[in-house]
Ligand SMILES: [Zn+2]
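In structure tokens:
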């Protein structure tokens with residue numbers, strides 16, 4: 828079934844034809860700072876010339892916290908969930924959920940980008956959000 832990101836401009840979903848999952852981001856043409864999600868104006872130099880710079884999703888856990896309330900309707904709340912800041916290998920630091928199978932987060936643990944379905948529309952379309960799962964191969 829078709830999938831759609833919970834908000835436009837957050838994720839570039841795989842298309843099944845070789846296009847891989849990426850976080851949407853842009854880079855300031857003036858100073859090089861990268862933003863996820865993309866911004867129309869650079870926070871560092873106030874430049875308005877920005878170029879797409881989709882991000883690959885391997886990184887290291889920088890910080891995390893437990894959340895007991897849903898950020899948006901339809902998100903998992905049964906036992907709360909972890910929200911993390913992750914230092915991507917190629918930068919920058921981004922925010923995302925930790926995957927449900929990350930039972931005990933550890934600062935410095937290796938993570939990889941994934942998606943999870945937060946609700947299914949009446950049409951059958953799956954609404955997805957990105958998360959970071961433990962990357963056991965690179966722990
Ligand atoms: Zn800039």
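Residue numbers (my numbering): 828 to 966.
Where a beta carbon is used, it is the ideal one built from N, C-alpha and C, also for glycine.
Per DSSP, the bridge partner or partners of residue i
| i | result |
| --- | --- |
| residue 863 | Per DSSP, none; premise fails for residue 863. |
| residue 942 | 957 |
| residue 877 | 855 |
Distance, residue j Cα to residue i Cα
| i | j | result |
| --- | --- | --- |
| residue 952 | residue 928 | 24 Å |
| residue 867 | residue 858 | 14 Å |
| residue 830 | residue 870 | 31 Å |
| residue 948 | residue 834 | 14 Å |
Integer Cβ distance of residue i from residue j, believed to fall under 8 Å
| i | j | result |
| --- | --- | --- |
| residue 1048 | residue 837 | A question about residue 1048 goes unanswered here, because the residues of the chain that appear run from 828 up to 966. |
| residue 961 | residue 938 | 7 Å |
| residue 959 | residue 911 | 6 Å |
| residue 864 | residue 851 | 6 Å |
Beta-carbon proximity of residue i to residue j, cut-off 7 Å
| i | j | result |
| --- | --- | --- |
| residue 886 | residue 913 | yes |
| residue 907 | residue 920 | no |
Residue nearest to residue i in terms of C-alpha spacing, selected from the options
| i | options | result |
| --- | --- | --- |
| residue 843 | 852, 851, 828 | 828 |
| residue 891 | 909, 878, 841 | 909 |
| residue 918 | 839, 846, 893, 854 | 854 |
| residue 849 | 875, 880, 874, 860 | 880 |
heavy atom of ligand 2 below 6 Å from residue i C-beta
| i | result |
| --- | --- |
| residue 860 | Ligand 2 is not part of this structure, which contains only ligand 1. |
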